[in-house]
Structure formats: structure tokens, C-alpha cells
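Presented below is the structure to which this report refers.
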Amino acid sequence: MARALVEAGYRVRALVRGSAASPPDGCEPVVGDLRRAGELVPALRGCRFLVHVAAHYSFAPREARAIWETNVLGCAGLLEAARVAGVEKAVVTSSSAAVGPATVRGPATEDDRAPLGHGRGYHASKVEQEVVALAAQVPVVLVLPTAPVGPGDARPTPTGKIVLDFVRGGLPATVRGGMNLVPVEDVARGHVLALERGRPGERYVLGGEDLTFDDLFGRLARLTGRRPPRRHLPHPLVLAMARADDLRCRLLGAEPAVPLEGAEMARLEMYASSAKANEELGWRPGPVTSALERAVAWYRAA
64 MARALVEAGY RVRALVRGSA ASPPDGCEPV VGDLRRAGEL VPALRGCRFL
114 VHVAAHYSFA PREARAIWET NVLGCAGLLE AARVAGVEKA VVTSSSAAVG
164 PATVRGPATE DDRAPLGHGR GYHASKVEQE VVALAAQVPV VLVLPTAPVG
214 PGDARPTPTG KIVLDFVRGG LPATVRGGMN LVPVEDVARG HVLALERGRP
264 GERYVLGGED LTFDDLFGRL ARLTGRRPPR RHLPHPLVLA MARADDLRCR
314 LLGAEPAVPL EGAEMARLEM YASSAKANEE LGWRPGPVTS ALERAVAWYR
364 AA
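Numbering (this note's numbering), first residue to last: 64 to 365.
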């Protein structure tokens with residue numbers, strides 16, 4: 064995101080969590096903590112715009128508190144700090160989780176709203192984040208990426224872990240369902256367009272291609288030389304496995320092998336339309352297969 068802003072000609076002041084973090088050339092680093100947003104007013108002074116992309120993206124039960132403090136309370140505090148500092152406009156990264164899955168009408172759009180309490184942990188936090196963002200006393204544009212994929216996902220996020228698992232050996236089985244994937248570089252450019260052309264108070268879905276899991280794993284198989292999963296597990300079995308794994312994680316503080324939040328969403332078709340962003344922002348994402356290829360190459364080189 065910082066690189067996309069620099070390339071678009073902006074002078075960027077980038078919030079980093081520690082002095083060892085290194086933002087791209089052309090950025091002025093500022094060390095701080097989103098969970099202590101009141102301390103960020105001095106860093107925000109002199110900035111006309113705020114692009115808030117930080118989030119805690121995890122399905123681990125042990126991180127539920129950090130997810131809420133970062134994604135909801137951190138967003139509210141940062142936007143209040145922006146108001147005090149005199150920021151003119153903010154772009155806030157939401158998630159397609161806030162519009163929910165596809166309906167009988169087709170892919171979800173900005174007119175759809177997932178109810179408060181939708182999903183667990185991360186998904187629920189992004190729904191609540193939109194509420195606090197739109198209540199802020201700063202003009203806010205919301206962008207709702209689907210599942211970004213591409214190089215640089217070091218942690219990795221749940222989406223990146225799918226790619227990494229394939230690089231390491233593939234998956235033995237899958238479920239029926241689907242999701243929308245989008246190149247991460249295009250998501251960054253979409254934020255720049257939202258800053259320049261987005262209307263305050265509006266939501267813009269930034270999505271790429273709707274893929275069934277079979278299609279996604281088939282593409283990854285071709286890119287990695289691994290076999291695609293040949294078995295489809297029934298969703299009740301996957302849920303039972305995920306609940307048992309969730310209990311293990313809560314008792315031991317471990318990372319989930321079968322995340323319950325992901326298992327609950329896997330039975331849905333998380334498809335979304337970017338027609339509004341195409342029309343109002345002039346946003347055109349590139350092909351997802353190329354983004355998957357860049358992600359595979361990055362993990363292999365890491």
C-alpha cells in the first residue's frame with residue numbers, strides 16, 4: 064500500500080510497529096501502536112489524508128482479544144485521532160466479509176450488509192469496524208477487498224496459508240464452496256483510486272475472480288506441480304473436526320490446523336461483485352492466476 068501511494072506521487076508517513084520495520088523508499092516511518100491511537104495525533108498532524116489498512120487477520124482463538132482491540136477499537140481510536148489532527152479524508156480497509164456471501168440474486172454487492180455478529184473473530188470484527196468507521200467525525204470511504212493474494216504474505220494470512228500449504232505439499236481433501244480472490248497489488252491501487260475518486264460514506268468492493276475451491280486448487284496444482292485434492296469432505300465432518308481443533312487450541316494456546324471460523328465460511332460461496340468500483344473508481348484488477356504464480360514464486364524463494 065505504501066509503495067502504491069509513493070508511486071502515485073504522494074508523500075507518505077507510514078506507521079510501523081517497531082524500529083526494525085522498514086517501509087518502502089520514499090516513506091517517513093513513524094513508530095507507534097494502533098491500540099494506543101491517542102498517541103498518534105502528533106504523527107497525523109500535517110497529513111491531509113489517512114489510509115488505514117492495518118488489521119489483525121487470524122482465525123486463532125487465542126488472538127480473539129487482539130483482533131477486537133486492533134480491528135474495532137483501534138480503528139475507532141485512529142479515526143478520532145485523525146479528526147483531532149485535522150485529516151481531511153480517510154480510506155478504511157474493511158472486508159468483503161462485511162457484505163456476506165453470495166445470495167440467490169448473485170454475488171454480494173455493496174447493498175448487502177452482513178448482520179452484526181456475523182461470523183466469528185475476524186469476520187465479526189470487520190462487520191463492527193464498518194459501524195465505528197462510518198460513525199467517525201471524519202469523511203470516510205470504505206473499501207472491501209475480497210481475498211488478496213500475491214507476494215509478501217509473510218505471516219501468512221489464512222489466504223496465504225492455502226498457497227503455502229500447496230507449495231509445501233498440497234492438500235489431501237477439500238470441501239465444496241468457493242471464494243473471490245484478487246491480486247494484492249491491485250487492491251493497493253484500488254485504495255489509491257478510492258482516496259482520489261471515492262465518495263465519503265460509500266463502500267467499494269475490490270474483488271477479482273469468483274473461484275470454486277476445485278478451480279482454485281486446480282490452478283495451484285498446475286503452478287506447483289502438486290496434485291489437487293481428489294476427495295470432498297462433507298461439511299458436517301469438517302465442522303466436527305474444526306470444533307475439536309478449536310477446543311485443542313483454546314486449551315493449549317496453539318495455532319488451529321482446521322480453523323473453525325474458516326470451516327464455517329467454507330460451505331458458503333463468498334462471491335462478490337466489483338461493478339461499483341469498476342464504474343465509479345475506474346478500477347480494473349488483473350488476472351488471479353498471475354497473482355497466484357507470484358505468490359508461489361515468493362514462498363519458494365522465502
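Cβ atoms here follow ideal geometry from the backbone N, Cα and C, with glycine treated the same way.
Since the model is a prediction, treat every value here as computed from it, not as a measurement.
Asked	Found
Considering only the alpha carbon of each residue, which of Leu227, Asn134, Arg306 lies closest to Arg99?	Asn134
Grab me the residues of Ala200's own chain with a C-beta within less than 6 Å of its C-beta, minus the 5 sequence neighbours each way, in chain order.	According to the sequence shown, residue 200 is Gln rather than Ala. Hits under 6 Å: Arg146.
Tell me which same chain residues have a C-beta within less than 6 Å of the C-beta of Val155, skipping the five on either side of it?	His115, Ala196, Val203, Leu205
With distances taken Cα to Cα, identify the nearest neighbour of Val268 among Ala257, Gly140, Gly281.	Ala257
Have a look at Ala317, Ser336, Val359 and flag the residue whose alpha-carbon is nearest the alpha-carbon of Phe122.	Ala317
Tell me which residue opens and which closes the beta strand (DSSP E) that Glu272 is part of.	272-275
Counting Cβ pairs, one atom from each stretch, are 3 or more of them under 8 Å apart for the segment 289-296 and the segment 105-112?	no
Can you list, in chain order, the residues of its chain with a C-beta nearer than 7 Å to that of Pro86? Leave out the 5 residues immediately preceding and following it.	Ala65, Ala77, Val79, Pro92
From the DSSP output, read off the bridge partner residues of Pro211.	Val245
Should Ala129 be counted as a contact of the ligand SAH given a C-beta to heavy atom distance under 8 Å?	This structure lacks the ligand SAH; in fact it carries no ligand of any kind.
Secondary structure at Glu318, three-state DSSP: helix, strand or coil?	coil
How about Glu343 and Arg260: are their beta carbons less than 9 Å apart?	yes
Would you tell me roughly how many angstroms separate the C-alpha atoms of Leu244 and Val150, rounded to the nearest one?	32 Å
Go ahead and label Val194 buried or exposed: buried means 16 or more other beta carbons lie within 10 angstroms of its beta carbon, across all protein chains shown.	exposed
If we ignore side chains and look at the alpha-carbon of each, how far apart do Arg363 and Pro235 end up?	20 Å
From the DSSP output, which residues share a beta bridge with His295?	Thr237
How is His115 classed by DSSP in three states: helix, strand or coil?	strand
Straight-line CA distance for Leu227 to Val359?	7 Å
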